[in-house]
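Here it is, written out as structure tokens:
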């Protein structure tokens, strides 16, 4: 299976300390080029994120953005027992001086400044959670690249089949086209009442037929089409190999066009170049 270089993934997770979210965007590129946007508190993750990308992807420009929000963080409070004890002791001493003191209200004690203390987020725990979440985001991105890769392979296979049909049709037409070209030349000589050495004329006609023969180009086109299909089925990081094969297919189509001596062969060469260009555009997105 081949993989696309274009995909998007977003994962979010709410925890005790707040909400973490990763956004990963991937587009085509000659090499693997990661771009990381991390909050300052998560800079320690950069090395492990880059290594995970290197292990999981071969090519593509990948933008990775991490966001962290504490707005929805679950309250995590601790009681400063020493301070609360001091406050209660002072209240009890004051109560002993009053004839009918009121009971000490715990909520009043808790509302006193410094009795309730907020628990700060643990940086190591946050980094570990962000790293685990990145793994999930990367898996989602790879799944998206795989799905699009399947679609790209299908589109390319459709063009390959169209090329097979075009090549087969032209192969059948070539003998008749060569015979028609030969007869056209003989008719022209007869029309002009020119006398020619039959042996010399036959040699020239053979040479002209050889120059016009595109059997070799059609064979190479068929070979390259078979190789493209094989690479698509083999999968992996096949983008560069497929790009090379597109160049070779285009080279053969150009040669076919330069040898064209009949409107039908000219049209076939144009059709082939259109199909190859359509495949080349799709191949640019394959990893």
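In my numbering, the protein residues as written are -17 to 269. Every residue gets a Cβ at the ideal spot worked out from N, C-alpha and C, and that includes glycine. Please read these numbers as outputs of a predicted model, since none were measured by experiment.
Which of the three DSSP states is assigned to residue i in this structure?
i           : result
residue 70  : helix
residue 43  : strand
residue 48  : strand
residue 246 : helix
residue 61  : strand
residue 268 : strand
residue -7  : strand
residue 121 : helix
residue 95  : coil
residue -2  : coil
residue 86  : coil
Under DSSP, the alpha helix (DSSP H) around residue i begins and ends at which residues?
i           : result
residue -15 : Per DSSP, residue -15 belongs to no alpha helix (DSSP H) and is neither H nor E.
residue 206 : 197 to 216
residue 36  : 28 to 38
residue 81  : Segment: none, residue 81 is in no alpha helix (DSSP H) and carries neither H nor E.
residue 235 : 221 to 240
Near residue i, what residues of its chain come up, given a Cβ to Cβ distance below 7 Å and the 5 sequence neighbours on each side ignored?
i           : result
residue 261 : 138, 141 and 228
residue 130 : -14, -12 and -11
residue 30  : 113
residue 27  : 20, 109, 112 and 113
residue 155 : 246
residue 223 : 213
residue 237 : 199
residue 253 : 148
Quick one: residues in its chain with C-beta nearer than 8 Å to the C-beta of residue i, no 5 flanking neighbours on either side, listed in chain order?
i           : result
residue 35  : 14, 16, 44, 46 and 120
residue 104 : -1
Evaluate residue i with the Cβ neighbour count: other Cβ atoms within 10 Å of its Cβ, from every protein chain shown; 16 or more gives buried, anything less gives exposed.
i           : result
residue 135 : buried
residue 271 : Residue 271 cannot be examined here, being either before or after the span of the chain that is shown, -17 to 269.
residue 148 : buried
residue 199 : buried
residue 118 : exposed
residue 127 : buried
residue 85  : exposed
residue 235 : buried
residue 250 : buried
residue 76  : exposed
Does the distance from the CB of residue i to the CB of residue j come in under 8 Å?
i           : j           : result
residue 219 : residue 41  : yes
residue 268 : residue 232 : no
residue 6   : residue -9  : yes
residue 65  : residue 3   : no
residue 51  : residue -3  : no
residue 217 : residue -16 : yes
residue 146 : residue 207 : yes
residue 241 : residue 196 : yes
residue 115 : residue -5  : yes
At what residues does the beta strand (DSSP E) containing residue i begin and finish?
i          : result
residue 5  : 1 to 9
residue 15 : 14 to 19
Would you check whether the ligand SAH has a heavy atom nearer than 7 Å to the C-beta of residue i?
i          : result
residue 84 : In the structure on display, the ligand SAH does not appear, and there are no ligands present to speak of.
Near residue i, what residues of its chain come up, given a Cβ to Cβ distance below 6 Å and the 5 sequence neighbours on each side ignored?
i           : result
residue 266 : 10
Quick check on residue i - is its C-beta less than 8 Å from some C-beta in chain C?
i          : result
residue 65 : Among the protein chains of the structure shown there is no chain C, as only one such chain exists.
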